[in-house]
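Trainee: I have a structure I would like to understand better, so I am pasting it below and will then ask my questions one at a time.
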Amino acid sequence: MSERDDVLADLLAHGRFLGGLSSLGVRPPEAPGLPATVAAPAPDRADDSAAALAAVREEMGDCRRCRLASGRRTIVFGQGNPRAEIMFVGEAPGADEDEQGLAFVGRAGQLLTDIIEKGMRLPRSEVFIANVIKCRPPQNRNPEPDEILACQPFLDAQIRAIRPRVLVGLGKFGAQWLLRTAEPISRLRGRLGEREGIPVMPTYHPAYLLRNPAGKKDVWEDMKAVLRLLGRRVPGEAD
Ligand code: SF4
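Reminder that position 51 of the sequence shown reads as 57 in this note's numbering, one-by-one numbering, no gaps.
Listed below in structure tokens is the structure:
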């Protein structure tokens, strides 16, 4: 069994265990004004999300708005369902992502896929996955503040195009950007916030989970809270 499989097996086992504890109800929203569940979009909502997303990509073009353009192989726009109810936001592409032009396809991406598909029981194609930064920083260093500033209009526009019902901030950069805060992820994690009226669940980055498997139980708690917010069934819990 690979390290990734180990992490997932532990995560699922923990979820099954916790699923039997009635004391673990939905975590109440901590940001004022947020409901315990979020309403589904109106059925007659104009479905212009795909066109709006395509317009964002067109606007990005062969972007050279920051220094990361010089070292990248490809721009990693993000991918998934243009009408996703859940949108995950990570930090930046790594080597695999830069090579393939797709978000979260390396080891951490495989773990994220497992969390979504085997844990939350959702097809990965049902969600949208993107990063704060669209080009790989050299040697996978942290993004610089000016790079984040240069790139952020694209992510803002993606969120407005998709209009997800819940945003999930993965790790420090995803969570801090979504919540416009400098608080450490250790304090943010699991505390529901909001961005432009959309609930935001900050949680640990899958790359962190690969290094620190003890965090997997917390991530599972956060994903269960996301499912409850959407009114979806939580695997391991009674209907
Ligand atoms: S990281 Fe963002 S702003 Fe910088 S070059 Fe890439 S797409 Fe443009």
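Cβ atoms here follow ideal geometry from the backbone N, Cα and C, with glycine treated the same way.
Source: prediction; values computed, not measured.
Since R142 and P99 should fall inside the 8 Å C-beta cutoff, what is the C-beta to C-beta distance between them, to a whole number of angstroms?
Mentor: Yes, R142 and P99 are in contact; Cβ-Cβ is about 4 Å, under 8 Å.
Trainee: Less than 7 Å separating the beta-carbons of G84 and A136?
Mentor: A contact, by the Cβ cut-off of 7 Å.
Trainee: Judging by CA-CA distance, which residue of I191, T187, A56 is the nearest neighbour of R201?
Mentor: For the residues I191, T187, A56, the minimum Cα distance to R201 belongs to T187.
Trainee: Please determine, among V174, G125, E103, L235, the residue with the shortest C-alpha to C-alpha distance to N146.
Mentor: Of V174, G125, E103, L235, the residue nearest in Cα terms is E103.
Trainee: So the candidates are L117, P88, R78; which of them puts its Cα closest to the Cα of Q106?
Mentor: Considering only alpha carbons, the answer is R78.
Trainee: Would you check if the distance between the CB atom of P170 and the CB atom of I92 is smaller than 7 Å?
Mentor: Closer than 7 Å, so yes.
Trainee: Alpha carbon to alpha carbon, what distance is there between M207 and Q182?
Mentor: Each residue's Cα considered, the two are about 11 Å apart.
Trainee: Just to check my reading of the structure: I139 and E97 have Cβ atoms closer than 8 Å, yes? What is that Cβ distance to the nearest angstrom?
Mentor: Between E97 and I139 the Cβ distance is about 7 Å, and since that is below 8 Å, they are a contact.
Trainee: On the criterion of 16 or more Cβ atoms from any shown chain inside 10 Å, does N87 qualify as buried, or is it exposed?
Mentor: Buried, by the Cβ-count rule.
Trainee: List the residues that DSSP assigns as beta-bridge partners of R201.
Mentor: I204, per the DSSP bridge assignment.
Trainee: Under three-state DSSP, which class holds A136?
Mentor: It is a strand residue.
Trainee: Leaving aside the five residues before and after F110 along the sequence, list all residues of the same chain whose C-beta is less than 6 Å from its C-beta, in chain order.
Mentor: So the qualifying residues of the chain are L118, I135.
Trainee: Can you list, in chain order, the residues of its chain whose CB lies under 8 Å from that of A101, leaving out five sequence neighbours each side?
Mentor: Correct list, in chain order: G112, R142, N146.
Trainee: Residue ranges of each alpha helix (DSSP H) run of no fewer than 4 residues wholly in the segment 51-108, ordered along the chain?
Mentor: The qualifying runs are 55-66, 101-106.
Trainee: Can you tell me which residues form a DSSP beta bridge with V174?
Mentor: DSSP output for V174 lists F94, M207 as bridge partner(s).
Trainee: If we ignore side chains and look at the alpha-carbon of each, how far apart do W226 and Q116 end up?
Mentor: Computed Cα separation, rounded: 16 Å.
Trainee: Looking only at its own chain, which residues have a Cβ that is under 8 Å from the Cβ of E221, when we skip the five neighbours before and after it?
Mentor: The sequence as given places Gly at residue 221; Glu does not occur at that position. Counting only Cβ-Cβ distances below 8 Å, and skipping sequence neighbours, we find Y210, Y214, L215.
Trainee: Mind reading off the beta-carbon distance from R195 to D162? Whole number of angstroms is fine, and I expect it under 8 Å.
Mentor: So it is not a contact: roughly 23 Å between Cβ atoms.
Trainee: If I follow the unbroken alpha helix (DSSP H) through L215, where does it start and stop?
Mentor: Segment 212-217, the alpha helix (DSSP H) holding L215.
Trainee: Between L185 and G199, is the Cβ-Cβ spacing less than 7 Å?
Mentor: Yes, Cβ-Cβ distance for L185 and G199 is below 7 Å.
Trainee: State yes or no: is the C-beta of I139 nearer than 6 Å to some heavy atom of the ligand SF4?
Mentor: Yes, since a heavy atom of the ligand SF4 falls inside the 6 Å radius drawn around the Cβ of I139.
Trainee: For V232, which of helix, strand or coil comes out of DSSP?
Mentor: Helix, per DSSP.
Trainee: Can you tell me whether P212 is buried or exposed, with buried defined as 16 or more other CB within 10 angstroms of its CB?
Mentor: Classification for P212: buried.
Trainee: How far does the alpha helix (DSSP H) with C157 in it reach, from first residue to last?
Mentor: That run of the alpha helix (DSSP H) goes 151-168.
Trainee: Drop a sphere of 10 angstroms on the beta-carbon of P149, count the other beta-carbons inside from all chains shown, and report buried for 16 or more, exposed for fewer.
Mentor: Per the 10 Å Cβ criterion, buried.
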